[in-house]
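Q: Dropping a structure here in structure tokens format, bear with me for questions.
Protein chains in written order, with my numbering: chain A, 17 to 310; chain B, 773 to 1476.
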């Protein structure tokens, strides 16, 4: 039995809605990452004065959350729907609530609440204030006004809306187990991802070669540093993302002691900051091209 | 002619914790501001002049009886002296014309006034009072932007900072719009209702319509009324489940500022989850979901029922959907908790101690494993000092070994606020002695100022040892609180130690605080830099002294009594508290002030003594013999009272010395020429001061 939209219908509805709100539709970035915030379309574009409106799906990998495909709501990889608007529009909450209505969530018969939540991503030198949005007690969205990114104050302020698609669609379809979610007619979430969840969990928790990963971290870190020094912002940032993912793998494997943990996080943050700086300098040199006509 | 003022600031959902403080700030500042603006409200008989309202989306205030305009006033500004204001010919000097011009009056309007110090010219300006609407429009933005929030944010392209983005401003004085701009938003006549029950916009013509319009639009603006509604509804919903709601006042306050229109409803979860410790269920419901747990009626201690009460922001429509959604959420959370509870117990606490090697306590102070080892020694040492037997001491030691182990469990990683509590629960289930379990569960207490403190001796000792270890370590590496900066919450740790020692368990915790601090510092030895141990010990003790001072003053002890008592030592905190209580009571007895006069003089003179031995053969005058005799008799008794720690009796006993002391001071010349006699008399006075000083340095007391 199923009612409500399929997973892909939800994505399509969000795509067309936010495109209608003036967002440029992006696509998932092709380097592993823990959250849509790390996509350069958010992390880099949130920097500096240029206006920016974008929306995209982001598969996000969190090795420590893997559960071998056995837990109904914890996943190695989940999907975020990410909306970024700079400067934050005055009616952004209304825009967001309208998107829920389009998905079939009538605010009149549900309880939708904005509950304080302060967001911080130490590895990105980023923090912001906002809410988690509760739908009948279930957190379905993270809603954040960025205050700082890459160590830079955000001027103007970017608002980030991150829908947790698995939770949202589970709710819409009225299923308790994410693997029963209907992705498309005749195809469940489980058909698509259960095996992947198992394999990635098995890899992350049991088989990951930690010596190789430590070496990779060092290698990626060196490469990121070398490239940012050479003024290549995007290739450098790719290696920052790789560092971050490798670190997450090591962390999930329990290979990083708490003492070392902080120092690894700081190393990633320092790289992210230097990339942010290089990006801002580069855009400035180009005369902040997207400021035209605004 | 007076008018009613209404100001409403609409914003995106403000954090619930910010609002009570914002209300308080407005209640405090508004009357002052209106006074400064010369617009004191004159409300009708019985009406409250100022009311402040808050919901998650608005902060508003009304002031009744605002005068139509400021009263006219005359401002007089003192200028140059008359001598300097006029030249030889009687005309105005440059000083006078300059002064007049600076204040916008004509020189010929300057007035000469005679003051005590001579004659001066004055500029007298008659200022017409401005219309209130103009004055208020100018002042309100500043008032609103001066509100303090724990964290502020910017939004859009603006530079304004506020708790959350400001979206509308309504400002009316009767029917007149007060025009101003606040954080980029123009004031208007429009308000918005509940997002779902009546979004608006609605035009408000007069201030008294506002609450009515909002009520119709699903907003209860009065927070007191909302709170009562919630409390009543929650009770009723719990009763419908056949139980009573466990209402934590903090949660009630939070929920009150999460809704504009409350509708409470109950939900159920599967009874199988009642096998999870109650603390976990309560935390999941209360902290994570803002639900009120439900317990069986009449059971003490409360026995949880498999139900909860939640409060929805809205009315009854679709309530079954909302209930089903919330039930699904708590089911998922409890399923997680049940999973952790089962998984965690597969590894015993003792085996988990090893895993603490992977968790950092402080970068320079090692891991929690290191801390555990230190804690074990320190807690045992303190236990022995406090007179615990071998068996009890070994339980303290066991508790110290296990107390941090729950930090490695899945449950505590998920529900961090359950640290200690889970340790207790797991320890109980693996068959540890009850004292061990309770001590593990209590050792983080108190977790907030004035919070619950440990109720067992072993728990108290472990709690003190844990805090002393933290304080000593941080002070040792130079991290001490300064000013308002206390990022590691060390003051709370210090106050925690004091409140345990001063509390009901204090009598069983008699040990030297100084020795305990030194023992804690020595615990960091073993390859690590210890620095100057004695210096650090003094810093820690000073810090604890300040916490004890704060504790006593908060308990209502006069500051000079605190001074007097602390000057006589605080190494035994429990004892210092008892002395303070007794002296405080003694101070309020009749005749105390007169008594103090003599004792203070005795103490001040006695300070010049270079000997304390009194030679009886050198006592010549009758009054000095009498004092000596009294002192001999009294000191025996006084020492017994001190031994018994009967400080009320001790101070009463000291009062008996008043008469001989006064007579001695009246009749005997202390600073006489004969050196031997003088030294003997000083020694006598100093003996008196020394005896009293065993409990308190009375010279610190302020007369009156």
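Ideal placement from N, C-alpha and C gives every residue a C-beta, glycine not left out.
Remember, it's a predicted structure, so these values are computed and weren't measured experimentally.
Tell me, which residues are paired with residue 893(B) by DSSP?
A: Walking along the second chain from the start, residue 893(B) turns up at place 121. 884(B), per the DSSP bridge assignment.
Q: On the three-state DSSP scale, how would you describe residue 1299(B)?
A: Working through the second chain from its first residue, we reach residue 1299(B) at position 527. Any answer about residue 1299(B) is weak, because its pLDDT of 44 lies below 50 and its placement is not dependable; what the coordinates show is given next. If DSSP states are grouped into helix, strand and coil, residue 1299(B) belongs with coil.
Q: So, residue 965(B) versus residue 956(B), is the Cβ gap smaller than 7 Å?
A: Start at 1 with the first residue of the second chain, and residue 965(B) comes out as number 193. Start at 1 with the first residue of the second chain, and residue 956(B) comes out as number 184. Contact flag unset, no.
Q: Under 8 Å, with one C-beta from each stretch per pair, do the region 839-856 of chain B and the region 898-916 of chain B reach the 3-pair mark?
A: They touch, by the three-pair rule.
Q: Can you give me the C-alpha to C-alpha distance between residue 1214(B) and residue 1235(B), rounded to a whole angstrom?
A: The count along the second chain starts at 1 and reaches residue 1214(B) at position 442. The count along the second chain starts at 1 and reaches residue 1235(B) at position 463. Using only the alpha carbons, I get a separation of about 7 Å.
Q: Cβ atoms of residue 161(A) and residue 145(A): under 7 Å apart, would you say?
A: Along the first chain, one-based indexing puts residue 145(A) at 129. Along the first chain, one-based indexing puts residue 161(A) at 145. Their beta carbons are under 7 Å apart, which means residue 145(A) touches residue 161(A) by this criterion.
Q: What residues from chain A crowd round residue 787(B), counting only those whose CB sits closer than 7 Å?
A: What you label residue 787(B) is simply residue 15 of the second chain in a count that begins at 1. Correct list: 132.
Q: Note down, in chain order, each residue of its chain lying with its Cβ closer than 7 Å to the Cβ of residue 1221(B), except the 5 sequence neighbours on either side.
A: Locating residue 1221(B) in the second chain gives position 449, where the first residue counts as 1. Around residue 1221(B): 1264 and 1267.
Q: If I measure Cβ to Cβ from residue 1223(B) and keep anything under 8 Å in the same chain, skipping five residues before and after, which residues do I get?
A: Sequence index remark: in the second chain, residue 1223(B) carries index 451 (1-based). For residue 1223(B), where only same-chain residues beyond five positions count, the Cβ hits under 8 Å are 1217.
Q: Looking at the unbroken beta strand (DSSP E) that takes in residue 845(B), where does it start and where does it end?
A: Start at 1 with the first residue of the second chain, and residue 845(B) comes out as number 73. Per DSSP, residue 845(B) belongs to the beta strand (DSSP E) from 845-853.
Q: So residue 147(A) is in the beta strand (DSSP E); what residue range does that whole segment cover?
A: By 1-based counting over the first chain, the position of residue 147(A) is 131. Taken as a continuous stretch (DSSP letters only), the beta strand (DSSP E) holding residue 147(A) covers 142-151.
Q: If you draw a straight line from the C-alpha of residue 909(B) to the C-alpha of residue 834(B), how long is it?
A: Position 137 of the second chain, counted from the start, is the residue given in the question as residue 909(B). Position 62 of the second chain, counted from the start, is the residue given in the question as residue 834(B). About 14 Å.
Q: Per the contact definition of three or more C-beta pairs closer than 8 Å, is the region 1231-1250 of chain B in contact with the region 1285-1298 of chain B?
A: These segments touch.
Q: What residue range does the alpha helix (DSSP H) around residue 259(A) cover?
A: Numbered from 1 along the first chain, position 243 holds the residue referred to as residue 259(A). Its alpha helix (DSSP H) spans residues 249-268.
Q: Strictly under 7 Å for the Cβ-Cβ distance: is residue 784(B) near chain A by that measure?
A: Taking the second chain and counting its residues from 1, the one referred to as residue 784(B) is at position 12. Taking Cβ atoms only, chain A reaches closer than 7 Å to residue 784(B), which makes this a yes.
Q: Which residues of chain A have a Cβ atom closer than 7 Å to the Cβ of residue 1094(B), listed in chain order?
A: The count along the second chain starts at 1 and reaches residue 1094(B) at position 322. Going along chain A in sequence order, the residues near residue 1094(B) (Cβ under 7 Å) are 126, 127 and 152.
Q: Measuring only from the beta carbon, is residue 1467(B) closer than 6 Å to any heavy atom that is part of the ligand GTP?
A: Summarising the ligand content, the structure contains no ligands, and the ligand GTP is consequently not present.
Q: Determine the chain A residues that contact residue 960(B) at a beta-carbon separation under 9 Å, and present them in chain order.
A: Along the second chain, read from residue 1 onward, the residue named residue 960(B) stands at position 188. By Cβ distance, chain A contributes nothing, its closest Cβ being about 14 Å from residue 960(B), past 9 Å.
Q: Using CA coordinates, which residue listed in 1339(B), 1248(B), 1445(B) and 1344(B) is at the minimum distance from residue 1311(B)?
A: As a first step, residue 1311(B) must be located in the second chain, where it is residue number 539. Closest option to residue 1311(B), Cα to Cα, is 1248(B).
Q: Hey, would you say residue 29(A) sits closer than 7 Å to residue 119(A), going by beta carbons?
A: Here residue 29(A) is taken as the residue at index 13 of the first chain, counted from 1. Here residue 119(A) is taken as the residue at index 103 of the first chain, counted from 1. Going by C-beta atoms, residue 29(A) is nearer than 7 Å to residue 119(A).
Q: For the alpha helix (DSSP H) that residue 1219(B) lies in, which residues bound it at each end?
A: Position 447 of the second chain, counted from the start, is the residue given in the question as residue 1219(B). Careful: residue 1219(B) lies outside any alpha helix (DSSP H) and carries neither H nor E.
Q: Note down, in chain order, all residues in the region 915-927 of chain B with a beta-carbon under 7 Å from any beta-carbon belonging to chain A.
A: Cβ contacts with chain A come from 923, 925, 926 and 927.
Q: Can you check whether the CB of residue 131(A) is closer than 7 Å to the CB of residue 148(A)?
A: Sequence index remark: in the first chain, residue 148(A) carries index 132 (1-based). Sequence index remark: in the first chain, residue 131(A) carries index 115 (1-based). In this structure, residue 131(A) lies closer than 7 Å to residue 148(A) by Cβ.
Q: Taking the alpha carbon of residue 836(B) as the point to measure from, which residue in 775(B), 1145(B) and 793(B) has its own alpha carbon closest?
A: Taking the second chain and counting its residues from 1, the one referred to as residue 836(B) is at position 64. Among 775(B), 1145(B) and 793(B), the Cα nearest to that of residue 836(B) is on 775(B).
Q: Starting from residue 135(A), follow the alpha helix (DSSP H) in both directions and report where the run begins and ends.
A: Here residue 135(A) refers to the residue found at position 119 when the first chain is read from its first residue. Residue 135(A) -> not in any alpha helix (DSSP H); beta strand (DSSP E) instead, spanning 128-137.
Q: The beta strand (DSSP E) spanning residue 1134(B) covers which residue range?
A: Along the second chain, one-based indexing puts residue 1134(B) at 362. 1132-1134 is the extent of the beta strand (DSSP E) around residue 1134(B).
Q: Cβ of residue 1028(B) less than 7 Å from any chain A Cβ?
A: Here residue 1028(B) refers to the residue found at position 256 when the second chain is read from its first residue. No, no contact with chain A.
Q: State the CB to CB distance for the pair residue 993(B) and residue 1008(B), rounded to an integer number of angstroms; the pair is presumed to be in contact (CB under 8 Å).
A: What you label residue 993(B) is simply residue 221 of the second chain in a count that begins at 1. What you label residue 1008(B) is simply residue 236 of the second chain in a count that begins at 1. That belief does not hold up - the Cβ atoms of residue 993(B) and residue 1008(B) are roughly 23 Å apart, past 8 Å.
Q: Which one of 1058(B), 1363(B), 1355(B) and 1443(B) has the shortest CA to CA distance from residue 1418(B)?
A: Position 646 of the second chain, counted from the first residue, corresponds to residue 1418(B). Closest option to residue 1418(B), Cα to Cα, is 1355(B).
Q: For the alpha helix (DSSP H) that contains residue 223(A), what are its first and last residues?
A: Translated into the one-based positions of the first chain, residue 223(A) becomes position 207. Per DSSP, residue 223(A) belongs to no alpha helix (DSSP H) and is neither H nor E.
Q: Please tell me whether residue 1098(B) has its Cβ less than 7 Å away from any Cβ of chain A.
A: Here the question's residue 1098(B) lines up with position 326 in the second chain. Yes, its Cβ sits closer than 7 Å to a Cβ of chain A.
Q: Please tell me whether residue 1477(B) has its Cβ less than 7 Å away from any Cβ of chain A.
A: Lying outside 773 to 1476, the shown extent of chain B, residue 1477(B) is not represented and no answer is given.
Q: Could you tell me whether any Cβ in chain A is nearer than 7 Å to the Cβ of residue 1042(B)?
A: As a working note, residue 1042(B) is residue 270 in the second chain. It does not: the Cβ of residue 1042(B) has no partner Cβ on chain A nearer than 7 Å.
Q: Is residue 246(A) helix, strand or coil by DSSP?
A: One-based indexing of the first chain puts residue 246(A) at position 230. Looking at residue 246(A) - three-state DSSP - the assignment turns out to be coil, as it is neither helix nor strand.
Q: For the alpha helix (DSSP H) containing residue 178(A), list its first residue and its last residue.
A: On the first chain, residue 178(A) is found 162 positions in, with the first residue counted as 1. Residue 178(A) -> not in any alpha helix (DSSP H); beta strand (DSSP E) instead, spanning 175-180.
Q: Curious, which full-length alpha helix (DSSP H) runs of at least 4 residues does the region 1057-1144 of chain B contain?
A: Listed in chain order, they are 1091-1116 and 1121-1127.
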